[in-house]
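Student: Quick one: the structure is below, and I'll ask about it shortly.
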Amino acid sequence: QVIWNLVSNAFKFTPSGGEVAIALKEDGTGLRIDVIDNGDGIDGDLLPHVFDMFRQGSAEPRRTKGGLGIGLALVKQLVEMHGGKVSAHSDGQGHGTRVSLWFPRCSVTATPDVLTGSPESGLRDMRILVVDDDAETANAFGMLLKSEGAVVTTAYNAEQGLAELQKAPFDLLISDIGMAGMDGYEFISAVRQIPALSSLSAIALTGYSTKEEHDTALSAGFNAHLSKPVSLEALYEQIETVDPFNGSQKAGSTGES
Numbered sequence: 041q042v043i044w045n046l047v048s049n050a051f052k053f054t055p056s057g058g059e060v061a062i063a064l065k066e067d068g069t070g071l072r073i074d075v076i077d078n079g080d081g082i083d084g085d086l087l088p089h090v091f092d093m094f095r096q097g098s099a100e101p102r103r104t105k106g107g108l109g110i111g112l113a114l115v116k117q118l119v120e121m122h123g124g125k126v127s128a129h130s131d132g133q134g135h136g137t138r139v140s141l142w143f144p145r146c147s148v149t150a151t152p153d154v155l156t157g158s159p160e161s162g163l164r165d166m167r168i169l170v171v172d173d174d175a176e177t178a179n180a181f182g183m184l185l186k187s188e189g190a191v192v193t194t195a196y197n198a199e200q201g202l203a204e205l206q207k208a209p210f211d212l213l214i215s216d217i218g219m220a221g222m223d224g225y226e227f228i229s230a231v232r233q234i235p236a237l238s239s240l241s242a243i244a245l246t247g248y249s250t251k252e253e254h255d256t257a258l259s260a261g262f263n264a265h266l267s268k269p270v271s272l273e274a275l276y277e278q279i280e281t282v283d284p285f286n287g288s289q290k291a292g293s294t295g296e297s
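Okay, structure coming up:
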């Protein structure tokens, strides 16, 4: 998953005719893997934040290239779960990017916690619906939450999200705002019109951190609003704040009579 995300990201930001390469080097303590491209590169002011969750070079709510920018955040999370380190280097726009991974030598046997989330994880067995119109982002986000023990369903537009919410019970909804077609505000408004979903905990993710954006999200029906970039710690803290298990949809309830 780590290599796939890095290579996919490299191809996404490398124009036709460009190059993407993978280099491996082993030493006495571990393995280094470099994913190198000669594509768009990364601005110097953005480089320190490339592993923040939900951050891109632009904070436009309607996206044209990629989704919530979760790819590198997922990479960092998975690498660190395996005791590794990750770093990124770029000389700026137009000069390509190198992302370097380092993994220590370890025994072959993996611990169950690496695969299923730690026993202390507050997300264990939490039923979460992730809604984002960028499939790659939704899937990557879903995998990140699953790594913490959550039971995750993904939907790739608001209409599909509504259908999923009426098919099965959920404890928490996490939705992007800037979706094509029905946006996140319209989506949560439709969700709240379904009686069985009126108390479902819901978190909005947006590219803006203004008070107006925050107030708009809450007025539309979300319980909480997070702006990009947001760390995993901030996301988990917000999930605890909205108390998903107390707002869970009743099993078998769809809001239909």
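Reminder that position 143 of the sequence shown reads as 183 in our numbering, one-by-one numbering, no gaps. Built from N, CA and C at the ideal position, the CB exists for glycine as well. What you are looking at is a predicted structure, and each value in this text was computed from that prediction instead of being measured.
1) If the criterion is Cβ atoms closer than 8 angstroms, does the pair glutamate 59 and aspartate 77 meet it?
2) Report yes if the CB atom of valine 171 is closer than 8 angstroms to the CB atom of alanine 128, and no otherwise.
3) How far does the alpha helix (DSSP H) with arginine 164 in it extend, from its first residue to its last?
4) Would you tell me roughly how many angstroms separate the C-alpha atoms of glycine 224 and glutamine 278, rounded to the nearest one?
5) Using CA coordinates, which residue listed in Gly261, Ser140, Gln41 is at the minimum distance from leucine 71?
6) Have a look at phenylalanine 210 and glycine 132 and give me their C-alpha separation to the nearest angstrom.
7) Of all Cβ atoms in chain C, is any one closer than 8 angstroms to the Cβ of glutamine 200?
8) By the three-class DSSP mapping on this structure, what secondary structure does leucine 240 have?
9) Do serine 187 and methionine 121 count as a contact pair if the criterion is CB distance below 8 angstroms?
10) Alanine 230 and leucine 202 - do their beta-carbons sit closer together than 8 angstroms?
11) Determine whether the beta carbon atoms of alanine 244 and phenylalanine 262 lie at a separation below 8 angstroms.
12) What separation, rounded to the nearest whole angstrom, lies between the Cα atoms of glutamate 226 and isoleucine 43?
13) Name the residue from Cys146, Ala175, Ala178, Gly189 whose alpha carbon lies nearest to the alpha carbon of aspartate 165.
14) Can you name, in chain order, every residue of its own chain whose Cβ lies under 6 angstroms from the Cβ of arginine 145, other than the five neighbours on each side?
Tutor: Taking the definition as stated:
1) yes
2) no
3) No alpha helix (DSSP H) holds arginine 164; DSSP gives it neither H nor E.
4) 18 angstroms
5) Ser140
6) 43 angstroms
7) The structure shown contains no chain C, having only a single protein chain.
8) coil
9) yes
10) yes
11) Yes.
12) 36 angstroms
13) Gly189
14) Gly70
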